[in-house]
Amino acid sequence: MTKLNRSIERGLAVLEVVHASGALSLAMLAERTDLPKPTLLRICATLESRRWLIRRNSDGYYRLGSAFPRADGKPKLVDRLVAVSKEEILQLSEKTGLAVDLAASIGGGRIEIVDTTRSFRKHGIYPETIGFRPSPFHSALGLAYLHAMPNDSRLQAVKDLAERLPRQDALVSAQLPKMMKAISAQGFAVRAAGHWGRAVDYGALPHAIAVPIVAGTEPLGAINLVWNARDYPVDTVVRCHLTRLCKYAKTIGAAYQASA
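Counting in this note's numbering, the sequence shown runs from 2 upward without gaps.
Okay, here's the thing in structure tokens:
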């Protein structure tokens, strides 16, 4: 009987566990594979280099990467976007000193936060945002993405959203044409003053500015700078960091298109 390759067996075991679970920490992987953490780190680093795994910036959890083989032969938009943005959002956060959220399109005019550099210790704002779907009409991310959509698609999405979202969102949707003009004029979307995206147990009210991420003509999602509203006014962040935010959004869009 031919001897099996133990390293390959271990790598496949890791992929099977992540595939079944969605996203796992190193400790969870160790528990479910019965492998020591140093061994897992080497396996995961190898799989990351092949883009079969990706480690999220926000919590260090591993999930399947953009190159992992799929039934249709194509990586999902979210996986590809996270893969090409991973280092970029870290650099943007380091250069600005602010937190960065990355959001991906999930259809129907909605987006979902898929990666973040938020740290409560560094930024003083609520960090657990992965999987959260920002308001299309109150959040900087949601407005930036809507602005990037083709007009016909946006109108249909807003109509559908107004029927499903809370009443306060539906009322704001009537003001959307005016809001879209403002975004065109200033070059970014801004979080509505006083808007709480979700109930939180700690952290301050944040400010945020966002721009869309576009590959060619396809809006993929949006990226923001987000910070404790007590630290800086919006105008200061716009003056100091908007150019850099736009540059990184373009870099991510180009990298996504090149990865196709």
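Every residue gets a Cβ at the ideal spot worked out from N, C-alpha and C, and that includes glycine.
Please read these numbers as outputs of a predicted model, since none were measured by experiment.
Cβ pair residue i, residue j closer than 8 Å
i, j, result
"residue 44", "residue 15", "yes"
"residue 181", "residue 148", "yes"
"residue 213", "residue 257", "no"
"residue 90", "residue 224", "yes"
"residue 34", "residue 18", "yes"
"residue 102", "residue 235", "no"
"residue 117", "residue 100", "yes"
"residue 42", "residue 63", "no"
"residue 136", "residue 170", "yes"
"residue 48", "residue 38", "no"
"residue 144", "residue 84", "no"
Per DSSP, cross-strand counterpart(s) of residue i
i, result
"residue 246", "Partner(s): none; residue 246 has no beta bridge."
"residue 108", "111"
"residue 222", "105 and 214"
"residue 190", "211"
"residue 227", "100 and 209"
"residue 25", "63"
Per-residue DSSP class, three states only, for residue i
i, result
"residue 232", "coil"
"residue 178", "helix"
"residue 65", "strand"
"residue 113", "strand"
"residue 270", "Residue 270 is absent from the model: the chain starts at 2 and stops at 261."
"residue 208", "strand"
"residue 141", "helix"
"residue 58", "coil"
"residue 5", "coil"
"residue 41", "helix"
"residue 75", "Only weak support is given to the placement of residue 75: the predicted model assigns it a pLDDT of 48, under 50, and the value that follows is read from those uncertain coordinates. Coil, per DSSP."
"residue 255", "helix"
"residue 200", "The pLDDT assigned to residue 200 is 47, lower than 50, so where the model puts this residue is not dependable, and the model offers no usable value."
"residue 47", "helix"
"residue 166", "coil"
"residue 12", "helix"
"residue 35", "coil"
"residue 52", "coil"
"residue 241", "helix"
"residue 17", "helix"
"residue 158", "helix"
"residue 261", "coil"
"residue 89", "helix"
"residue 136", "coil"
"residue 146", "helix"
"residue 184", "helix"
"residue 94", "helix"
Reference residue i; option with closest CA among the options
i, options, result
"residue 1", "230, 164, 156 and 215", "Residue 1 cannot be examined here, being either before or after the span of the chain that is shown, 2 to 261."
"residue 160", "111, 106, 62 and 80", "111"
"residue 255", "207, 82, 64 and 50", "82"
"residue 86", "143, 150, 107 and 114", "114"
"residue 242", "131, 36, 94 and 214", "94"
"residue 78", "108, 92 and 37", "108"
"residue 123", "98, 129, 216 and 117", "98"
"residue 36", "20, 154, 53 and 10", "10"
"residue 252", "132, 88 and 135", "88"
"residue 166", "6, 211 and 134", "134"
"residue 21", "65, 261 and 58", "65"
"residue 70", "233, 119, 57 and 52", "52"
"residue 238", "215, 259, 207 and 157", "207"
"residue 211", "153, 24 and 246", "246"
"residue 205", "233, 13, 184 and 38", "233"
"residue 184", "163, 150 and 154", "150"
"residue 130", "240, 57, 6 and 46", "57"
"residue 264", "158, 244, 25 and 172", "Residue 264 lies beyond the residue range present for the chain, which begins at 2 and ends at 261; the question has no answer from this structure."
Contact test: residue i Cβ vs the ligand SAM heavy atom, cutoff 7 Å
i, result
"residue 13", "The model depicted lacks the ligand SAM and carries no ligand whatsoever."
request  = Mind the definition here: the region 217 to 228 touches the region 174 to 188 only if three or more C-beta pairs lie below 8 Å; say whether that holds.
outcome  = no
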